[in-house]
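In the working numbering, the protein residues as written are 9 to 364.
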Ligand code: TXA
Ligand code: MG
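Laid out in structure tokens, this is it:
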């Protein structure tokens with residue numbers, strides 16, 4: 009692929025040029041409240057294909073289509089079930105993607121060959137302005153190169169996409185920091201496909217019963233047997249280059265495990281943890297040789313979520329070879345965090361409490 013002179017559009021610069029580029033079939037990275045997206049006109053097959061070549065992955069995944077408040081969604085979906093409408097009223101604009109029946113004009117390259125389309129209305133002001141100006145539905149996966157954690161700053165996007173796309177719109181750090189919640193509302197009972205900023209508890213408070221796709225809590229979306237030729241792609245999603253293991257147990261047990269295993273680390277050790285666990289460790293052991301990523305207090309899950317992907321990238325910057333992560337209690341926003349952390353750890357969680 010030939011190198012493009014990628015434009016960085018600063019936060020104080022106007023968006024018209026980026027919007028016109030989208031209309032003309034170019035690929036533009038833009039901020040949302042969840043993560044940065046790699047956008048192109050969802051109705052333009054060539055434009056959508058260009059997203060895939062920029063990302064460096066084959067065009068088999070269905071993409072989320074982004075719209076702005078006031079956009080006539082009949083341009084892209086056939087019908088809106090009653091429960092879907094209630095979810096939209098409650099959570100749009102915001103970090104929720106709804107799977108709906110696709111209108112025929114939405115190309116298969118956008119929907120990954122499916123008869124449904126994932127639709128989302130982001131709340132980030134820059135995203136809304138760009139989408140409104142472009143006035144095309146914009147297909148956008150997360151703006152990372154294949155296999156890297158999703159980008160939550162414009163610099164992350166620059167690292168991955170510079171020279172490969174028309175422009176990057178800087179909108180500052182993302183507020184949520186995890187990709188949107190995805191819910192399939194085409195059946196009788198809504199089905200949670202990916203946990204995110206809109207929690208299961210929030211969804212249930214609006215539509216009652218919501219089922220959870222079994223793979224959500226297992227961390228591995230597919231079994232090795234199902235896709236023997238593409239394990240790297242699916243398993244190493246979000247993963248830092250070093251080996252990540254998640255430790256589940258009391259702060260005391262996790263600390264003992266770490267102390268016992270640090271001597272086995274031949275490269276650089278890293279720790280991914282809450283402020284509480286880090287404070288505990290500092291009281292009882294020397295951490296000077298360890299690279300620490302402090303996600304913040306367990307009492308502030310929103311802050312921990314916001315920092316996760318940046319922290320995973322920082323382990324690479326610091327050449328960490330062995331990373332010890334703190335497994336979190338799986339409810340609220342931690343359900344979404346653990347879903348990503350489990351994938352980053354290839355599903356490996358160690359229970360370190362002594363058996364009672
Ligand atoms: O927060 C987000 O959703 C971000 C920002 C940019 O909006 N986008 C994002 O896109 O995370 P991506 O491509 O990284 O993830 C899209 C996910 C995929 O796992 C895909 O399988 C699912 O959405 N998806 C999209 N359309 C679907 C459909 N019709 N049926 C089932 N799953 C779908
Ligand atoms: Mg992604």
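Heads up, the beta-carbon is just placed ideally off N, CA and C, and yes, glycines get one too.
Verify whether the separation of the beta carbon atoms of residue i and residue j is less than 9 Å.
i           : j           : result
residue 84  : residue 117 : no
residue 110 : residue 74  : no
residue 181 : residue 168 : no
residue 341 : residue 211 : no
residue 32  : residue 147 : no
residue 254 : residue 334 : yes
residue 207 : residue 189 : yes
residue 139 : residue 76  : yes
residue 89  : residue 131 : no
residue 177 : residue 39  : yes
residue 297 : residue 332 : no
residue 314 : residue 193 : no
residue 46  : residue 126 : no
residue 246 : residue 348 : yes
residue 248 : residue 323 : yes
residue 175 : residue 37  : yes
residue 95  : residue 198 : yes
residue 14  : residue 166 : yes
Flag residue i as yes when its Cβ comes closer than 8 Å to any non-hydrogen atom of the ligand MG, and as no otherwise.
i           : result
residue 188 : no
residue 103 : no
residue 133 : no
residue 223 : no
residue 150 : yes
Leaving out the 5 sequence neighbours to the left and right, which residues in its chain are closer than 6 Å to residue i when beta-carbon positions are compared?
i           : result
residue 346 : 336, 338
residue 307 : none
residue 344 : 186, 203, 204
residue 18  : 178
residue 152 : 158, 159, 168
residue 279 : 298, 300, 332
residue 328 : 250, 276, 278, 299
Thinking residue i and residue j are a contact (beta carbons under 8 Å), I'd like their distance in whole angstroms, please.
i           : j           : result
residue 352 : residue 320 : 6 Å
residue 69  : residue 121 : About 10 Å; that fails the 8 Å criterion.
Would you say residue i touches the ligand TXA, meaning its beta carbon is less than 8 Å from a heavy atom?
i           : result
residue 246 : no
residue 309 : no
residue 341 : no
residue 69  : yes
residue 177 : no
residue 161 : no
residue 269 : no
residue 158 : yes
residue 72  : yes
residue 401 : Nothing about residue 401 can be reported from this structure: the residues present for the chain run from 9 to 364 only.
Looking only at its chain, what residues have a beta carbon closer than 8 Å to the beta carbon of residue i, apart from the 5 residues adjacent to it on each side?
i           : result
residue 263 : 285, 288, 289, 292, 293
residue 359 : 256, 257
residue 233 : Here the model assigns residue 233 a pLDDT of 38, short of 50, so the residue's position is not dependable and the matter cannot be decided.
residue 240 : Residue placement at residue 240 is flagged as unreliable, the pLDDT there being 35, under the threshold of 50; the coordinate-derived value follows with that caveat. So the list reads 155, once near-sequence residues are dropped.
residue 60  : 66, 67
residue 87  : 108, 109
Quick one: residues in its chain with C-beta nearer than 7 Å to the C-beta of residue i, no 5 flanking neighbours on either side, listed in chain order?
i           : result
residue 58  : 35, 48
residue 361 : 257, 258, 261
residue 237 : In this prediction, residue 237 has a pLDDT of 33, which is less than 50 and means its spatial position is unreliable; nothing more can be read from the coordinates.
Practice problem: Return the chain-ordered ranges of every beta strand (DSSP E) run that is complete within the stretch 109-169 and spans a minimum of 3 residues. | Solution: Along the stretch 109-169, the beta strand (DSSP E) occurs as fully enclosed runs of 3 or more residues at 124-128, listed in sequence order.
* Where are the alpha helix (DSSP H) runs, 4 residues long or more, that stay fully inside the stretch 63-116, in chain order? -> 90-99, all fully within the stretch 63-116.
Ignoring anything shorter than 4 residues or poking outside the stretch 252-319, list the alpha helix (DSSP H) runs there in chain order.
Taking only runs of at least 4 residues, the alpha helix (DSSP H) segments lying wholly in the stretch 252-319 are 259-269, 283-292.
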